[in-house]
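Have a look at the structure below before the remarks.
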Amino acid sequence: MLPFISVADVSALIRHRGLGTVVRELSYYIKADFLRWNQFNKCERTANHATTGVIELMPIDDGEYFSFKYVNGHPPNTAHGMLTVAAFGVLSQMSTGYPLLLSELTLTTALRTAATSALAAQVQARADSVTMALIGNGAQSEFQAIAFRDMMAIRKLRLYDIDVAATQKLVANLSTFGIDITICKSVAEACKGADIVTTVTADKALATIITPEMVEPGTHINAVGGDCPGKTEIHIDVVKAARVMVEFEPQTRAEGEIQQLPQNSPVVHFSDVLADITKGRVSEGEITLFDSVGFAIEDFSSLRYLRDVIPNPAQMLDLIPEPANAKDLYSLCAIKYQENRV
Ligand SMILES: NC(=O)c1ccc[n+]([C@@H]2O[C@H](COP(=O)([O-])OP(=O)(O)OC[C@H]3O[C@@H](n4cnc5c(N)ncnc54)[C@H](O)[C@@H]3O)[C@@H](O)[C@H]2O)c1
Numbered sequence: 000m001l002p003f004i005s006v007a008d009v010s011a012l013i014r015h016r017g018l019g020t021v022v023r024e025l026s027y028y029i030k031a032d033f034l035r036w037n038q039f040n041k042c043e044r045t046a047n048h049a050t051t052g053v054i055e056l057m058p059i060d061d062g063e064y065f066s067f068k069y070v071n072g073h074p075p076n077t078a079h080g081m082l083t084v085a086a087f088g089v090l091s092q093m094s095t096g097y098p099l100l101l102s103e104l105t106l107t108t109a110l111r112t113a114a115t116s117a118l119a120a121q122v123q124a125r126a127d128s129v130t131m132a133l134i135g136n137g138a139q140s141e142f143q144a145i146a147f148r149d150m151m152a153i154r155k156l157r158l159y160d161i162d163v164a165a166t167q168k169l170v171a172n173l174s175t176f177g178i179d180i181t182i183c184k185s186v187a188e189a190c191k192g193a194d195i196v197t198t199v200t201a202d203k204a205l206a207t208i209i210t211p212e213m214v215e216p217g218t219h220i221n222a223v224g225g226d227c228p229g230k231t232e233i234h235i236d237v238v239k240a241a242r243v244m245v246e247f248e249p250q251t252r253a254e255g256e257i258q259q260l261p262q263n264s265p266v267v268h269f270s271d272v273l274a275d276i277t278k279g280r281v282s283e284g285e286i287t288l289f290d291s292v293g294f295a296i297e298d299f300s301s302l303r304y305l306r307d308v309i310p311n312p313a314q315m316l317d318l319i320p321e322p323a324n325a326k327d328l329y330s331l332c333a334i335k336y337q338e339n340r341v
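Each residue of the sequence shown is one higher than the one before, starting from 0 at the first, in numbering that gives the first Met the number 0.
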């Protein structure tokens, strides 16, 4: 029987430990895995595109374990009461190929994306950052806000969304977190005085939400929503001017903000920066950009984390047959001889 970690299990974990604690704990797993980058067998995710969005499969292994995530990205979904991003995934044993765990990964994607963003900011943003603009106030936004409060000491948020109701929801959800919140009327207003600008919008378009005149010297941009060919958030001149950090370069070249630049545009690698091989930021005044698209290693780390913190989930799935004789799979479907004769 296969352990199954449900949405209810992950919700209970977050309610019990606190979202900030879960994000921080998860960030340790993500950092540990990025620090052993060369042990992973890596590839770009597959993407099947619809006019309304994309369905992606994200596999990876470290020789001992394999994981994959199924995830979609459909910005129009929320108009029909459905999530823009929904996901599930599997952790398997490489030596047998057997799955060890099937898990929800929708809440977990929000957790791991926020944890990765905050880890990136720790190595790219100015250490004295206290104010963050948060553009796009949908499903991912609370996770980003709380991760940056707890892992980056962000105490002031400047919010903007084209949907006023989304911003009001975010304000209500953050009301007990001790964050000073300003609701802004435009992206430009939100970016004023921000040390960090997080963009987490959903639109299948080559958008230019952040333009050069909005970005002050020394700003760190955490660009989360541009994560697919033909789907960006940052004006090309901002991307050109920034020190750009990527997760897995081949995937980010196709999907990230740098899809707008030549294939040989300079980038630094998150794994190298975490390992202190390269600097995420070299001067106080430069603009830094974490060109986040989400890489399979973050889901691998998440599944490892979930397995450790929810070792005995309530539900077990009858997913893989367990015949008494492994060569007699048919035994599970054979009608008993006596019954057959009647
Ligand atoms: N990089 C990653 O690892 C990663 C992980 C998860 C999600 N994402 C991406 O993050 C984005 C947000 O995901 P979500 O689940 O929060 O989606 P969501 O649909 O719940 O929220 C997106 C919000 O963006 C707002 N928005 C759209 N265009 C805007 C604009 N021009 N200006 C301001 N606000 C705008 C929408 O009104 C909505 O409230 C998606 O694009 C998704 O693909 C990236």
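Built from N, CA and C at the ideal position, the CB exists for glycine as well.
Among residues of its own chain, excluding the 5 on either side of G62, which ones have a beta-carbon nearer than 8 Å to its beta-carbon? Result list for G62: Q38, N40 and M93, in chain order.
Helix, strand or coil at L260 [DSSP, three-state]: In the structure shown, L260 adopts coil according to DSSP, grouped into three states.
Please confirm whether any heavy atom of ligand 1 lies closer than 7 Å to the CB of T200. Yes, the beta carbon of T200 sits closer than 7 Å to at least one heavy atom of ligand 1.
Tell me the DSSP secondary structure of T207 in three-state form. It is a strand residue.
Going by other Cβ atoms of all chains shown within 10 Å of its Cβ, with 16 needed for buried, is N324 buried or exposed? So N324 counts as exposed.
Is any heavy atom in ligand 1 found nearer than 7 Å to the beta carbon of S185? Answer for S185: no, Cβ out of range of ligand 1.
Run through the DSSP bridge pairs and tell me what Q314 is partnered with. Q314 pairs with F3.
Counted within 10 angstroms of its Cβ, other Cβ atoms place K353 as buried (16 or more) or exposed: As displayed, the chain neither begins before 0 nor continues past 341, which places residue 353 out of reach and without an answer.
With a threshold of 16 other CB atoms inside 10 Å of the CB of Q314, please say whether the residue is buried or exposed. Result: exposed.
State the CB to CB distance for the pair L12 and V6, rounded to an integer number of angstroms; the pair is presumed to be in contact (CB under 8 Å). Not quite, the Cβ-Cβ distance comes to about 11 Å (not below 8 Å), so this is no contact.
Stretch-stretch touch, CB-based, cutoff 8 Å, three pairs: the stretch 251-270 with the stretch 99-110: For the pair of segments examined, the stretch 251-270 was found not to touch the stretch 99-110: the number of CB pairs separated by less than 8 Å stays below three.
Hey, would you say the C-beta of I134 is under 7 Å away from at least one heavy atom of ligand 1? Yes - ligand 1 has a heavy atom lying nearer than 7 Å to the Cβ of I134.
Do H219 and D194 have their CB atoms nearer than 8 Å? It is a contact, given that the beta carbons lie within the stated cut-off.
Quick one: is the Cβ of Y69 within less than 7 Å of any heavy atom of ligand 1? No, since every heavy atom of ligand 1 falls outside the 7 Å radius drawn around the Cβ of Y69.
Use the C-beta contact count for V292: other C-beta atoms within 10 angstroms, 16 or more gives buried, fewer gives exposed. V292 is buried by the Cβ-count criterion.
Cutoff 8 Å; reference L133; Cβ partners in own chain excluding five residues on either side: Only S140, Q143, A144, L156, R157, L158, Y159, L169, A189, T197 and V199 meet the Cβ criterion.
Status (buried if at least 16 other CB within 10 Å, exposed otherwise) for N311: Exposed, since its Cβ has fewer than 16 Cβ neighbours within 10 Å.
Just to confirm, are D179 and R148 a CB contact at a threshold of 8 Å? Contact: no.
Pick from Y28, A146 and S185: whose alpha carbon is nearest that of D162? Closest option to D162, Cα to Cα, is S185.
Rounded to whole angstroms, what is the Cα-Cα separation between E297 and A114? Using only the alpha carbons, I get a separation of about 9 Å.
Identify whether M151 lies in helix, strand or coil by the three-state DSSP scheme. Of the three classes helix, strand and coil, the one that applies to M151 here is helix, per DSSP.
Tell me whether V292 counts as near ligand 1, meaning its Cβ is closer than 7 Å to at least one heavy atom of that ligand. Relative to ligand 1, V292 has its C-beta within less than 7 Å of a heavy atom.
Quick check: what's the CA-CA separation for Y69 versus Y28? Spanning the two alpha carbons is a distance of roughly 20 Å.
To which residues of the same chain is L173 closer than 7 Å at the C-beta, ignoring the five residues directly before and after it? Excluding residues within five positions, the ones whose Cβ falls inside 7 Å are E141, A144 and I180.
Start-to-end residues for the beta strand (DSSP E) that takes in K168: Looking at the DSSP string, K168 is not in any beta strand (DSSP E); the run it does join, the alpha helix (DSSP H), is V163 to N172.
Unbroken stretches of the alpha helix (DSSP H), 4 residues or longer, contained in the stretch 206-289: Taken in chain order, the unbroken stretches of alpha helix (DSSP H) that lie wholly in the stretch 206-289 and span 4 residues or more are 235-240, 248-254 and 269-273.
Which class does G19 belong to by DSSP, given the choice of helix, strand or coil? In the structure shown, G19 sits in a helix (DSSP, three-state: H, G or I).
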